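Have a look at the structure below, then the notes.
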Amino acid sequence: MKDGDVASGKSRRPSHTDAPAIQVICLGSGGGPNENNVTGFLVRSIASNWAKGSVLAVDAGSHLAAITHILENHFPLVADANPAPSTPHEDDIDPSADAPVDDDGNESATPEPRKNLVTTLESGPFAGLPFPHASARANASYLVREHVSTYLITHPHLDHVSGFVINTAAFHNTSRPKRLAALPFTVNAIKTHLFNDIIWPNLTDEDGGVGFVTFQRLAEGGNIALGEGPSRGFIEVCDGLGAKGFKVSHGHCMRGTSHVHRGSITNLQETSTQHQHTHPQGTSRTGTSLSSAESAYKEGRSMSFSVASQPGTPQYAAEPSVCVVDSTAYFIRAEATPATPAREVLIFGDVEPDSISLSPRTANVWAEAAPKIAQGMLTGIFIECSYTDSQADQMLFGHIAPRHLIAELKSLAAMVCEAQHELSRERDEARKGRKRKRQSAGFLSIDHAGDDGDASKSRRESRTTQSSTNSDVDNHMYDVTSPRSLVQKTVRKDNPSLEPQVPTIADRNLTELPLKGVKVVIIHVKDTLDDGPVVGDIILQQLHEHEENLREHGHALGCEFVVSASGEGYYF
Numbered sequence: 063m064k065d066g067d068v069a070s071g072k073s074r075r076p077s078h079t080d081a082p083a084i085q086v087i088c089l090g091s092g093g094g095p096n097e098n099n100v101t102g103f104l105v106r107s108i109a110s111n112w113a114k115g116s117v118l119a120v121d122a123g124s125h126l127a128a129i130t131h132i133l134e135n136h137f138p139l140v141a142d143a144n145p146a147p148s149t150p151h152e153d154d155i156d157p158s159a160d161a162p163v164d165d166d167g168n169e170s171a172t173p174e175p176r177k178n179l180v181t182t183l184e185s186g187p188f189a190g191l192p193f194p195h196a197s198a199r200a201n202a203s204y205l206v207r208e209h210v211s212t213y214l215i216t217h218p219h220l221d222h223v224s225g226f227v228i229n230t231a232a233f234h235n236t237s238r239p240k241r242l243a244a245l246p247f248t249v250n251a252i253k254t255h256l257f258n259d260i261i262w263p264n265l266t267d268e269d270g271g272v273g274f275v276t277f278q279r280l281a282e283g284g285n286i287a288l289g290e291g292p293s294r295g296f297i298e299v300c301d302g303l304g305a306k307g308f309k310v311s312h313g314h315c316m317r318g319t320s321h322v323h324r325g326s327i328t329n330l331q332e333t334s335t336q337h338q339h340t341h342p343q344g345t346s347r348t349g350t351s352l353s354s355a356e357s358a359y360k361e362g363r364s365m366s367f368s369v370a371s372q373p374g375t376p377q378y379a380a381e382p383s384v385c386v387v388d389s390t391a392y393f394i395r396a397e398a399t400p401a402t403p404a405r406e407v408l409i410f411g412d413v414e415p416d417s418i419s420l421s422p423r424t425a426n427v428w429a430e431a432a433p434k435i436a437q438g439m440l441t442g443i444f445i446e447c448s449y450t451d452s453q454a455d456q457m458l459f460g461h462i463a464p465r466h467l468i469a470e471l472k473s474l475a476a477m478v479c480e481a482q483h484e485l486s487r488e489r490d491e492a493r494k495g496r497k498r499k500r501q502s503a504g505f506l507s508i509d510h511a512g513d514d515g516d517a518s519k520s521r522r523e524s525r526t527t528q529s530s531t532n533s534d535v536d537n538h539m540y541d542v543t544s545p546r547s548l549v550q551k552t553v554r555k556d557n558p559s560l561e562p563q564v565p566t567i568a569d570r571n572l573t574e575l576p577l578k579g580v581k582v583v584i585i586h587v588k589d590t591l592d593d594g595p596v597v598g599d600i601i602l603q604q605l606h607e608h609e610e611n612l613r614e615h616g617h618a619l620g621c622e623f624v625v626s627a628s629g630e631g632y633y634f
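First residue of the sequence shown: 63, per my numbering; consecutive thereafter.
Below, the structure written as structure tokens:
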């Protein structure tokens, strides 16, 4: 079903465009050093209604233990095998079970323990999911075994995969292998360095392994042979959800320049994907021209909000063999249904700012995201902010501080502005085209009502003239090399209705808050384990201060900042 389609019925229902379509549950919000709260999420399509196999795990540093801890808000950690709750819910009662009777044939006052206990939670991130057990640990195991079908991994660092690896001990009771989906560099690293019968048993279905885990190697940028329209390139990773991944940079290797391992080598082509990791000016990964906003971003990186990052620029000449650590940013998409709209969220793995990267690639992700935000399809971005602004650039180790995040979001905002103006221009031209078509049809019906042949000829001439007129307007109305401004190029004196106008208030509103409606969820916060304020609170305060500074200068972003917390559910 397409985005704008609404199923017809006897009674009209309200538009579902504002209904949430994707839920993201945070299992782990930190980036260390505590091992009990590291990166892990669950993602599902709302329309799937908790169907088996419909939950996607994105990274799994924290996984089964975190789910158990969340469920302890609703169940005891340990329970008897056949408990008898004092106040059962209606859905807890087995309708096929008869009431026990005594020797005289009368119903017994003491009910027998129920064998089929089902509890559907009414609150919390797992609301609506029927749980068949009485304890938190049994229900957590059930959720992982029956509902989580795929693990989408951003990169193979331990704080993103340790939970998954250890939890494989619980996969033996499943009816099918668990799928680990990732870009090839992540799959190869996990296969080679974890499931190698040294660090961990080979529980995969490759190289003679046990077969608990199977790999799905995703193509960077998606598979363009799959899908069409906005869905093109997305690869189904579980029921109801598709994914498309892009490489981003996560710092550089700590060793010298003489070695080679899984990371990307700057200024060299990666033979497996034929993508460039450092791009010529104005050229994308795939060799196509970058958008004007992205080109401007690359040319004007020193204009970044981040003062501390100025020494690092995209023109920085890297060593030819410097090894850059790869990570991934995933677009996750739920298709439209009669009850929910098409919606996407963007979840980053660990990432460093382009302003100091030896291989800046985040701009490619923003270029993909900008039109989706302009269309209202992408409303959630999960991105790391590991440190406060007190952390020096030299000590980021491939991570981001608030000053860098604001600079990155400014680059995104510039691209969104351009995409918004392009959408506005297309709508205006479509509206004017329909108006001219109606006017032309009216004139033709008056002038040539009695001559079908002449009328057809006139229609063809009218369409030719109209096409030429539209082409003139397309080619000369605006110069969009600056993503924040529409520049008047020509004035049509022959037809004032086609004359380009100074942007109206509505047009200007497109750029005043370019990221309005986008929730930016901060992940991978590194705890200092010191007395004093929580690190996440300081990061949030600093982000708000940066945003206020932008607002005072008339360049507010408009997005909502939220610091993630384990056990929270986010709806998009």
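Glycine is no exception: its CB is placed at the ideal position from the N, C-alpha and C atoms. If you're wondering where the values come from, they're calculated on a predicted model, not measured in any experiment.
Could you tell me the distance, in whole angstroms, from the CA atom of residue i to the CA atom of residue j?
i, j, result
"A231", "D599", "36 Å"
"F247", "E630", "31 Å"
"G90", "L591", "17 Å"
"N537", "P292", "Confidence at N537 is low in this model, with a pLDDT of 35, below 50, so its placement is unreliable and the value that follows should be read with caution. For N537 and P292, the distance between alpha carbons rounds to 26 Å."
"L214", "A618", "33 Å"
"E97", "H314", "24 Å"
"L602", "L191", "32 Å"
"L485", "R493", "12 Å"
"H234", "D455", "45 Å"
"M316", "E268", "31 Å"
"T182", "N135", "14 Å"
"T441", "E430", "14 Å"
"F274", "R465", "43 Å"
"V117", "E491", "42 Å"
"V310", "D142", "48 Å"
"H255", "I462", "27 Å"
"R106", "V413", "24 Å"
"G616", "V180", "55 Å"
"E397", "G594", "44 Å"
"R238", "V386", "36 Å"
"E290", "L220", "36 Å"
"Y204", "K434", "36 Å"
"H209", "W112", "7 Å"
"S452", "G460", "16 Å"
DSSP three-state call for residue i: helix, strand or coil?
i, result
"K309", "strand"
"H314", "strand"
"Y449", "coil"
"E397", "coil"
"T590", "coil"
"A637", "Lying outside 63 to 634, the shown extent of the chain, residue 637 is not represented and no answer is given."
"D80", "coil"
"S417", "helix"
"N285", "strand"
"W262", "strand"
"Q85", "strand"
"S116", "coil"
"T182", "strand"
"Q278", "strand"
"K50", "The chain is shown from 63 up to 634; residue 50 falls before or after that span and cannot be answered."
"E622", "strand"
"V140", "coil"
"T424", "helix"
My understanding is that residue i touches residue j, with C-beta atoms under 8 Å, so please give their C-beta distance in whole angstroms.
i, j, result
"L577", "V478", "7 Å"
"A251", "L280", "Contact flag wrong, Cβ pair sits at about 14 Å."
"L139", "S197", "6 Å"
"S124", "G225", "5 Å"
"S448", "K588", "5 Å"
"I445", "L467", "7 Å"
"G102", "A122", "5 Å"
Only counting the same chain, and skipping five residues up and downstream in sequence, which positions put a Cβ closer than 6 Å to that of residue i?
i, result
"A475", "P576, L577, L619"
"G115", "S211, D301"
"V206", "L126"
"G411", "T216, H217, S389, T390"
Between which residues of its own chain and residue i is the CB-CB distance below 8 Å, once the five residues before and five after are set aside?
i, result
"G438", "T79, G579"
"V272", "P263, N264, L265, T266"
"L18", "Examination of residue 18 is not possible in this model, given that the chain is present from 63 through 634 alone."
With a CB to CB cut of under 7 Å and the five nearest residues on each side skipped, what residues in its chain are close to residue i?
i, result
"T130", "A198, R199, A202"
"G284", "G295, F296, I297, K306"
Is the closest heavy atom of the ligand ADP to the C-beta of residue i under 7 Å?
i, result
"K588", "With respect to the ligand ADP, the structure shown offers nothing to examine, as it has no ligands at all."
Exercise. Which full runs of the alpha helix (DSSP H) of 4+ residues lie inside the stretch 184-253, going along the chain?
Worked result: 198-204, 220-229
Exercise. Which parts of the stretch 454-499 are runs of the beta strand (DSSP E), unbroken and 3 residues or longer, counting only runs that do not cross its ends?
Worked result: none
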